[in-house]
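See structure below.
Residue numbers (my numbering): 11 to 300.
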């Protein structure tokens, strides 16, 4: 006999999973330029952040759910206790950090930025955007420096490069960030000064005023890349110096391409030929920096 007082069980939501991998990134992750014995540790760091980033970017999850998942990741990282299978990247990173002696503060700082993403990040000024990058991007470079035994000399230049990479990614994704997630990382004050609404980001192509805002963002980004130009010469580890040189050249090429193409029309990326040229420039740069 059917008991009509029983409510139907709600279907359980699947555990979060990373929806991307390193092949979809703009810049190399744990490339062969890095020493073989360190690459698994770089990948453990990457997979932890990739999962956390995809949780924060999941348009189907409520902000409270995203925050609870991110809290579980950090709790597992610090405690070593995991109740769910999806938390394995946190356990793997914890093991990696214990093996290498690298601090967990870098990963935890990035989680702080992802919590801001989870509730709909908007940056009101350039300084606000740089503050966001301080947590979302800069710790990645600091992690790599510490992993390779570098001191503090390269820290500021690394921060500049990581912030530039983050802003370039925001420009690539400006339309989807706004339409799908209600986020805008381009300084809102620049829209006010141009006399246009941030809703312009939903258009199929940029008008001259929005294009000017994109160019203003690229001007600031190129200033960061200029500050980052010293980075290869500040890194003692040969493999990491090569990696930094290549990433710097790829970032410069992507900045130029974003000036020439409209990110609202299509996602602006480097093709294989442009990437190959950028890698060659980066390798040549590393020789002069050594």
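The beta carbon of each residue, even a glycine, is placed where N, CA and C say it ideally should be. Just so you know, these numbers come straight off a predicted model, no measurement behind them.
Tell me where the alpha helix (DSSP H) around residue 84 begins and ends. Residue 84 -> alpha helix (DSSP H) spans 73-89.
So, with DSSP's three-state summary, where would you put residue 172? helix
Closer than 7 Å by C-beta to residue 213: which residues in its own chain qualify, once you throw out the five before and the five after it? Chain order, please. Answer for residue 213: 274, listed in chain order.
Would you list the residues sitting across from residue 133 in a DSSP beta bridge? Residue 133 pairs with nothing; no bridge assigned.
Do residue 277 and residue 194 come within 7 Å of each other at the CB atom, strictly closer than that value? no
How far does the alpha helix (DSSP H) with residue 186 in it extend, from its first residue to its last? 184-191
Could you check whether residue 152 and residue 99 sit closer than 7 Å to each other, using their CB atoms as the reference points? no
Quick one: what's got a C-beta closer than 7 Å to residue 44's C-beta in the same chain, skipping five residues either side? 52, 249, 250 and 253
Does the beta-carbon distance from residue 167 to residue 258 come in below 7 Å? no
Whole-number beta carbon distance between residue 290 and residue 190, since they are thought to touch under 8 Å: Actually they are not in contact, since the Cβ atoms of residue 190 and residue 290 sit about 36 Å apart, beyond 8 Å.
With respect to the alpha helix (DSSP H) encompassing residue 108, which residues constitute its N-terminal and C-terminal limits? 98-110
Does the stretch 263-273 come into contact with the stretch 215-230, if we say contact requires no fewer than three beta-carbon pairs (one atom in each stretch) closer than 8 Å? yes
Through-space distance from residue 171 to residue 38, alpha-carbon basis: 14 Å
Beta-carbon proximity of residue 62 to residue 121, cut-off 7 Å: yes
Please state whether the Cβ-Cβ distance between residue 184 and residue 234 is less than 7 Å. no
Anticipated Cβ contact below 8 Å, residue 176 with residue 147, distance rounded: 4 Å
Residue 278, enclosing alpha helix (DSSP H) - first and last residue: It is not in any alpha helix (DSSP H) - residue 278 carries neither H nor E in the DSSP assignment.
Is the beta carbon of residue 198 less than 7 Å from the beta carbon of residue 125? Taking 7 Å as the Cβ cut-off, residue 198 and residue 125 do not qualify as a contacting pair.
Would the beta-carbon of residue 215 fall within 7 Å of that of residue 272? Inclusion of residue 215 and residue 272 in the CB contact set at 7 Å is warranted, their separation being smaller than that value.
7 Å Cβ shell around residue 10 - same chain, five flanking residues per side excluded: Here the chain comprises residues numbered 11 to 300, so residue 10 is not present and cannot be evaluated.
Using only the alpha-carbon positions, how far apart do residue 83 and residue 140 sit? 25 Å
Pairwise C-alpha distance: residue 209 and residue 106: Each residue's alpha carbon lies about 43 Å from the other.
Pick from 66, 42, 60 and 49: whose alpha carbon is nearest that of residue 192? 66
Mind checking which residues open and close the alpha helix (DSSP H) that includes residue 207? Run containing residue 207: none; DSSP gives neither H nor E here.
Comparing the CB of residue 215 with every heavy atom of the ligand FMN, is any distance shorter than 6 Å? No copy of the ligand FMN appears in this structure; indeed no ligand is present at all.
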